[in-house]
Every structure is written in structure tokens, then in C-alpha cells.
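So the structure is just underneath, and the comments pick up after that.
Residue numbers (the numbering used here): 27 to 360.
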């Protein structure tokens, strides 16, 4: 039985068992993704964004482990339960990754054409020479590259061209979910815009859903339909992008949006006091409370859960909770 969603993630936990202790990199994250929808995951380094991406692709390596939760692809395939062989068939065909570093993702000693063919053959796509040539040319053209790029080695391409090749490879088998992990991080602003337009165009062409992972709130505002804000391995706010920017609810989201430059106001530096906690020693209660300008005494001990607050927004913050057990009238902590 399917529910019509491209992806459903429920209570996902990922931890790393290190010599120094247990690191809870993803701590009970839940979200859904509809076909054709664009979801952005944003937050500081170490918040768990890329770990979620690796978990969705079943690419968490030891000492990491997915130790709880469900990842349901297409309403029918439980990613956490399939065999390694089945998962290899699912990658690229049903859920694909546009990596952060194209230079590290392409084989430097093989031509682009051969790398496309390797991916296709691994998924049972058998084409005659002329058919393969035409298929690869079509894919390269769809991302704004000339067909003769297929004959080149990665070092012969610019950074933007290599990233476009990675996009073409990611959509080559028409997956239903595309994960773009900071796809523009090493590119200049002009190429960044071109790459995001390319991702948007090919996504619409194949009807895939997209998860965009990154730090750039401005980029998120322009590209995604929904915004998920991560902090300390938790999803602290989730909602429609326009609502999140118009009326951010979580104090962390508010500070992130306040940090964006504005043409209407005098430039100012906005930063969050302190630093993110060590992943080996998360604070009790709300993970953000040691840095939160609006914290209350109860924030030190009560863990907030993600709940609806207004419109389509969900927030994990005690400021909006009225049903926590024996919650007193609290004064802000100075």
C-alpha cells in the first residue's frame, strides 16, 4: 500500500560508535517528500544534514550505524531492510546523489562516456554502441553541455562542467528522488546560479523530488518549496519556505535568517553566541538552549518535540508548547 509520497523518513537515528564515546549524528528526524517537491535541509556544519543524505542512500560506513527509524521510498520500499545487493540496484535508479565535490566523484583516468556506461551497465541497461552514444549525448545536452564532452577526461573540464556531468549521471536512470549535497559549494556565484537552474530543469523534466543540502539560506529561498532547519542532529523547524522566511518560529531559524544581507538596512554582522556543543556531549533538554537568546529554565531539562504551530510550519521549541507536563509560568533566563 502506497501513500503517494516519494519519500517518508520516520524517527531516523544514526550514531557513530567512536573510542571517545557515542556520537548521535541524527537524532530522531522525521519528514516526508512528495513527488516533484523540493526540500531544503539547512544548518551549521555538524548539524547532521549530510549524514541524513548518506543514510537515505544506505552509505553510512562503520563506525557509523543506522540504529533506528524508517526510510520508506516510494511508499513501498523500506531502505533500512533491503539487502546490500538490492540497495545497489536502487541507487541511481530510484534515489540518486549529486555530490558536493565533482572532482572527487569522477574517475580521473576514465573518459566521461565510460563512466556513464559503467553506471548504466551496473543497472542492467544494455545499449548498442550507437544507442549509447545518443543516450549520453542527450543527457549531456540536457545539462547544457556539448555531446563531445563524453570523449573528455575530467581534468579537461571546468568545475562547473564537472558538476553538470555529475547532474547528468544522477538523472540518467530517471530516479524519483535526487539528493543534492551542497552542489555549488566550490563554484563562483555565476556558475552556482547556472548549476541550480540546471538541477531545477532536469528535475522538472523527469518529475523527481529533490533534497537540497547546504548552508546558503539565500539559495534555499530561491530554490526549495519547503525548508527543514537542522541543529545538533535534530530537525528544529520544518515548513513552507515562504512561511519560514516571512515568519520564522524557532530562535535558531530567526538568527539564520537575520544573518542574510539586506539592501534595505544598514549592513550588520549577526552571529549566534557560543559554539555548537560537542557531539560527544549533547546538552540535556533542548539542544539549542545553551546558545538560545530566548531560553527558559525548562529548556535545560525538557526535550521539545516537533509540532505544528501555524500554517504548515512545525517547530521543536518550548516557546510554543502548552501541553508539556507540569510546565510552570517561566521567566526568561538572563
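Just so you know, even glycine gets a beta-carbon here, dropped at the ideal spot from N, CA and C.
query                                                                                                                                                                                               : result
On a CA-only basis, which of 98, 260 and 124 is nearest residue 189? Give me that one, please.                                                                                                      : 124
Can you tell which of 85, 68, 268 and 262 has its C-alpha closest to the C-alpha of residue 276?                                                                                                    : 262
In chain order, which beta strand (DSSP E) runs of at least 3 residues are fully inside the segment 212-283?                                                                                        : 235-240, 252-257 and 260-266
Tell me whether residue 179 sits in a helix, a strand or coil according to DSSP, three-state version.                                                                                               : coil
What did DSSP end up calling residue 20 once you bin it into helix, strand or coil?                                                                                                                 : A question about residue 20 goes unanswered here, because the residues of the chain that appear run from 27 up to 360.
With a 10 Å radius around its C-beta and 16 neighbouring C-beta atoms as the bar for buried, classify residue 375 as buried or exposed.                                                             : Here the chain covers residues 27 to 360 and nothing more, so residue 375 does not appear.
Between the segment 246-256 and the segment 35-50, are three or more C-beta pairs nearer than 8 Å?                                                                                                  : no
My output table needs one value for residue 78: the three-state DSSP class, helix, strand or coil.                                                                                                  : helix
Taking the continuous alpha helix (DSSP H) assigned at residue 174, which residues delimit it?                                                                                                      : It is not in any alpha helix (DSSP H) - residue 174 carries neither H nor E in the DSSP assignment.
How would you label residue 181, buried or exposed, when you count the other beta carbons within 10 angstroms and need 16 or more for buried?                                                       : exposed
Are residue 197 and residue 138 close, meaning C-beta to C-beta below 8 Å?                                                                                                                          : no
Output needed for residue 21: all residues of its chain with C-beta closer than 8 Å, excluding positions within five of it in sequence on either side, in chain order.                              : Summary: the structure shown does not reach residue 21, with the chain confined to residues 27 through 360, and so no result is reported for it.
When burial is assigned at 16 or more other CB atoms within 10 Å of the CB, is residue 315 buried or exposed?                                                                                       : buried
Where does residue 45 sit, in a helix, a strand or coil, going by DSSP?                                                                                                                             : coil
Going by CA-CA distance only, name the one from 177, 112, 311 and 110 that's closest to residue 141.                                                                                                : 177
Starting from the C-beta of residue 216, find all residues in its chain whose C-beta is less than 6 Å away, skip the five residues before and the five after it, and write them out in chain order. : none
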